[in-house]
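K.L.:
Quick one: the structure is below, questions incoming.
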Amino acid sequence: LAGVVIAVDGPAAAGKGTLARRLAESLGLSYLDTGLLYRATGRRLLDEGADPADPARAEAAARALTPEDLRRPDLRGPAADRAASAVAAIPAVRAALLDWQRDFGRTHGAVLDGRDIGTVVFPEAPVKLFVTASDEERARRRWLELRGRGVEADPAQVLAELRARDAQDASRATAPMKPAGDALLLDTTALDAEAAFAAAWALVRERL
Ligand code: C5P
76 LAGVVIAVDG PAAAGKGTLA RRLAESLGLS YLDTGLLYRA TGRRLLDEGA DPADPARAEA
136 AARALTPEDL RRPDLRGPAA DRAASAVAAI PAVRAALLDW QRDFGRTHGA VLDGRDIGTV
196 VFPEAPVKLF VTASDEERAR RRWLELRGRG VEADPAQVLA ELRARDAQDA SRATAPMKPA
256 GDALLLDTTA LDAEAAFAAA WALVRERL
């Protein structure tokens with residue numbers, strides 16, 4: 076399987092990350108959470124007091140990303156979510172991050188999770204999963220994740236912010252979130268992490 080790329084896309088908190096990481100481990104491939112690239116870019120702009128929707132500043136931040144930026148502990152949370160989605164709508168930011176993602180996948184073979192892996196970054200990937208779950212279930216998972224980190228959030232607000240971010244990610248002109256034509260759809264609404272992995276594994280084995 077050396078050199079194989081698997082694309083895992085879908086909306087926020089659908090379980091992509093957990094699934095992609097486990098697939099990578101099971102297949103002996105590297106794993107890349109591409110959302111971190113957009114989060115780290117947005118974070119840099121917040122630190123600079125700049126508007127994450129400023130194209131020139133955002134492109135410069137994306138080009139200046141370092142591996143340390145991706146390991147920052149403050150890349151999750153409502154402000155980082157919004158900043159990530161704002162910079163992700165800027166074409167020059169996406170262009171700046173594209174080669175890096177492609178090099179990563181081509182060098183090691185990898186499972187990449189994101190929004191546009193199957194449509195833009197690796198349209199030739201032999202396996203593409205589009206992972207979804209109902210809005211309410213995804214909001215519930217995000218709320219639990221926040222609580223696990225000691226953040227008490229209002230469930231209605233978590234749901235509203237998740238919907239707003241999905242709407243922005245799905246409606247942008249450049250590389251909008253959507254399933255590739257040949258993506259395999261996996262609805263995890265009624266599945267726990269173990270069952271979601273089993274279902275994904277069966278789909279992956281059929282294609283590889
Ligand atoms: O996956 P995660 O929630 O960490 O992604 C954060 C944001 O980064 C998304 O809301 C989206 O705007 C952007 N993103 C993207 N393309 C990707 C991965 C993430 O536009 N491949």
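Just so you know, we're using this note's numbering here: the sequence shown kicks off at 76 and counts up by one. Note that the Cβ used here is the ideal one computed from N, Cα and C, for glycine as well.
1. Would you mind working out which of LEU104, PRO251, GLY189 sits nearest HIS183, comparing C-alpha positions?
2. Would you kindly report the start and end of the unbroken alpha helix (DSSP H) that includes PHE272?
3. Is ASP189 near the ligand C5P, with its Cβ less than 7 Å from a heavy atom?
4. Can you give the Cα-Cα distance for VAL162 and THR264, rounded to whole angstroms?
5. Nearest CA to the CA of ALA239: which residue from THR207, ALA270, ALA273, ARG157?
6. So, with DSSP's three-state summary, where would you put GLY110?
7. Should TYR23 be listed as close to the ligand C5P, given that the test is whether its C-beta is under 7 Å from any heavy atom?
8. How many Å lie between ARG222 and ALA228 at the Cα?
9. Look at ARG217 and LEU237 and say whether their C-beta atoms are less than 8 Å apart.
10. Should GLU211 go down as buried or exposed, given a rule of 16 or more other Cβ atoms within 10 Å for buried?
11. Taking 7 Å as the cut-off, does the CB of ALA248 come closer than this to any heavy atom belonging to the ligand C5P?
12. Over the uninterrupted alpha helix (DSSP H) stretch that includes LYS253, give me the two end residues.
13. With 16 other CB atoms within 10 Å as the buried threshold, where does PRO166 fall?
14. Looking only at its chain, what residues have a beta carbon closer than 6 Å to the beta carbon of ALA251, apart from the 5 residues adjacent to it on each side?
15. Where in the region 150–202 do unbroken runs of the alpha helix (DSSP H), each at least 4 residues long, occur, reported from the N-terminal end onward?
16. Would you tell me roughly how many angstroms separate the C-alpha atoms of LYS91 and ALA131, rounded to the nearest one?
17. So what's VAL233 in DSSP terms, helix, strand or just coil?
18. Between the Cα of ALA153 and those of LEU234, ALA277, ALA200, ASP262, spot the shortest distance and give me the residue it belongs to.
19. Using the C-alpha atoms, what's the distance from VAL206 back to ARG213?
20. Is it a yes or a no for the region 193–208 touching the region 79–88, going by three-plus beta-carbon pairs under 8 Å?
P.N.:
Taking the coordinates as given:
1. Working through the sequence shown from its first residue, we reach residue 183 at position 108. For the residues LEU104, PRO251, GLY189, the minimum Cα distance to HIS183 belongs to LEU104.
2. Walking along the sequence shown from the start, residue 272 turns up at place 197. Segment 268–282, the alpha helix (DSSP H) holding PHE272.
3. Translated into positions along the sequence shown, residue 189 becomes position 114. The displayed chain sequence assigns Gly, not Asp, to residue 189. Yes, the beta carbon of GLY189 sits closer than 7 Å to at least one heavy atom of the ligand C5P.
4. Translated into the one-based positions of the sequence shown, residue 162 becomes position 87. Translated into the one-based positions of the sequence shown, residue 264 becomes position 189. In a straight line, the C-alpha of VAL162 is about 29 Å away from that of THR264.
5. As a working mapping, residue 239 is identified with position 164 in the sequence shown. It is ARG157.
6. Taking the first residue of the sequence shown as position 1, residue 110 is located at position 35. Note: GLY110 maps to helix in three-state DSSP.
7. This structure gives no information on residue 23, because the portion of the chain shown stretches from 76 to 283.
8. Locating residue 222 in the sequence shown gives position 147, counting from the first residue. Locating residue 228 in the sequence shown gives position 153, counting from the first residue. Answer to the nearest angstrom: the Cα atoms are 7 Å apart.
9. As a position in the sequence shown, residue 217 is number 142, starting the count at 1. As a position in the sequence shown, residue 237 is number 162, starting the count at 1. Cβ atoms of ARG217 and LEU237: closer than 8 Å.
10. The sequence position of residue 211 within the sequence shown is 136, counting from 1. GLU211 is exposed by the Cβ-count criterion.
11. Working through the sequence shown from its first residue, we reach residue 248 at position 173. No, the ligand C5P has no heavy atom inside 7 Å of this Cβ.
12. By 1-based counting over the sequence shown, the position of residue 253 is 178. Note, LYS253: premise wrong, no alpha helix (DSSP H); not H, not E.
13. Along the sequence shown, one-based indexing puts residue 166 at 91. It counts as exposed.
14. Here residue 251 refers to the residue found at position 176 of the sequence shown. Just to set this straight, residue 251 is Pro in the shown sequence, not Ala. Contacts found: ALA245.
15. 153–163, 166–183
16. Along the sequence shown, one-based indexing puts residue 91 at 16. Along the sequence shown, one-based indexing puts residue 131 at 56. Their Cα atoms are separated by approximately 30 Å.
17. Position 158 of the sequence shown, counted from the first residue, corresponds to residue 233. If DSSP states are grouped into helix, strand and coil, VAL233 belongs with the helices.
18. If you number the sequence shown from 1, residue 153 lands on position 78. Going by the sequence as given, residue 153 is Pro instead of Ala. When only C-alpha atoms are compared, the closest one is LEU234.
19. The sequence position of residue 213 within the sequence shown is 138, counting from 1. The sequence position of residue 206 within the sequence shown is 131, counting from 1. About 11 Å.
20. yes
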